[in-house]
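Participant:
In the UniProt record's numbering, the protein residues as written are 1 to 110.
(1) With the cut-off set at 8 Å, would you say residue 46 and residue 12 are in Cβ contact?
(2) Using 8 Å for Cβ pairs, my map puts residue 53 next to residue 8. What's the rounded Cβ distance?
(3) When DSSP builds the beta bridges, which residues end up paired with residue 101?
(4) Out of curiosity, what's the CA-to-CA distance linking residue 56 and residue 41?
(5) By Cβ distance below 6 Å, which residues in the same chain neighbour residue 97 in space, the five residues on each side in sequence not counted?
(6) Taking a contact to mean a Cβ-Cβ separation below 8 Å, would you say residue 105 touches residue 85 in this structure?
(7) Expressed to the nearest angstrom, what Euclidean distance is found between the alpha-carbon atoms of residue 19 and residue 10?
(8) Rounded to a whole number of angstroms, what is the C-alpha to C-alpha distance between residue 50 and residue 44?
(9) Can you name, in chain order, every residue of its own chain whose Cβ lies under 6 Å from the Cβ of residue 87, other than the five neighbours on each side?
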């Protein structure tokens, strides 16, 4: 399947709960520029190798007010051994525009 089919984008404005972004026509750039919503924080959730959504299978994660997505199934064993920490800067490449974007981890699910 395509990477976009194995990922979900979540958004959270300051002081709010995570909500699933359903407007797929809205680009990340529009969020970051404040054209649609307060940029707040974004969470990219990736399906596990067992084709499950981590937020759906981890009941404590769903109730948390902030979190970071599960590690992508496409990473190597060496990548999987790396632990992310709050404050880490991460980069992601858009599957549509191929542009790289940078963000900061605000919380980690363990």
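Every residue gets a Cβ at the ideal spot worked out from N, C-alpha and C, and that includes glycine.
Keep in mind the model is a prediction, meaning the values are calculated, not measured.
Facilitator: In brief:
(1) No.
(2) With a Cβ gap of about 7 Å, residue 53 and residue 8 count as contacting.
(3) 92
(4) 20 Å
(5) Leaving aside the five residues that flank residue 97 on each side, none in its chain has a CB nearer than 6 Å to its CB.
(6) yes
(7) 5 Å
(8) 18 Å
(9) Here residue 87 has no same chain residue with a Cβ atom under 6 Å from its own Cβ, once five neighbours each way along the sequence are excluded.
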